[in-house]
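Heads up, the thing below is written out as structure tokens.
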Amino acid sequence: MAQVTVVDDRTIRIKVGLEDAVAMVGEAARSPKDYARDIITIYEKMPEFEYTYFCFYAYGSAALFEWLLEVDPKVYTSFSLDAPDSFFYALYGGMAGLYEEAAKQIKGD
Numbered sequence: 041m042a043q044v045t046v047v048d049d050r051t052i053r054i055k056v057g058l059e060d061a062v063a064m065v066g067e068a069a070r071s072p073k074d075y076a077r078d079i080i081t082i083y084e085k086m087p088e089f090e091y092t093y094f095c096f097y098a099y100g101s102a103a104l105f106e107w108l109l110e111v112d113p114k115v116y117t118s119f120s121l122d123a124p125d126s127f128f129y130a131l132y133g134g135m136a137g138l139y140e141e142a143a144k145q146i147k148g149d
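In my numbering, the protein residues as written are 41 to 149.
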């Protein structure tokens, strides 16, 4: 699971791996309605960030990412994310598989 290191009262470091992406995809698959906007945003915007430089907060698509963590990163003014490329590619692939269902959920709102 994700490792969160509190550096000081303003800074945290987050380390994730492939298994964390798999967990995020699983959570999104269990609750596609709850995460529909995240699924769609991640799928549509990740290519613009060349996949591995994606920022969950750039488009307000951090609910699924925050589910993974034990702390609320918004409480801190600075955080860094250490993740292998496999994390981002697996996350993107999972969101691609959930995209159509998420789009249906949004249309149903």
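All C-beta atoms in this analysis are idealised placements derived from N, C-alpha and C, irrespective of residue type, glycine included. All figures in this text were calculated on a predicted structure; none of them were measured in a lab.
Quiz item: In chain order, which continuous runs of the alpha helix (DSSP H) of length 4 or greater are located wholly inside the stretch 45-70?
Solution: Taking only runs of at least 4 residues, the alpha helix (DSSP H) segments lying wholly in the stretch 45-70 are 58-70.
Practice problem: Would you mind reading off the limits of the beta strand (DSSP E) that contains D122? | Solution: First-last of the beta strand (DSSP E) with D122: 118-122.
Quiz item: Can you tell me the Cα-Cα spacing of F98 and P124, whole angstroms?
Solution: Phe is not the amino acid found at residue 98; the sequence shown has Ala there. Here the C-alpha atom of A98 lies approximately 20 Å from the C-alpha atom of P124.
Self-check item: CB contact flag (L58, D78, <7 Å)
Solution: No, these two residues do not count as a Cβ contact at 7 Å.
Practice problem: Could you tell me the boundaries of the alpha helix (DSSP H) in which E106 lies? | Solution: Per DSSP, E106 is one residue of the alpha helix (DSSP H) stretching across 103-108.
Quiz item: Can a CB atom of chain C be found closer than 7 Å to the CB of F96?
Solution: Annotation note: the requested chain C is absent from the structure, which comprises a single protein chain.
Quiz item: Can you find at least 3 beta carbon pairs, one from the stretch 110-126 and one from the stretch 135-146, that sit closer than 8 Å?
Solution: Contact fails: fewer than three Cβ-Cβ distances are below 8 Å.
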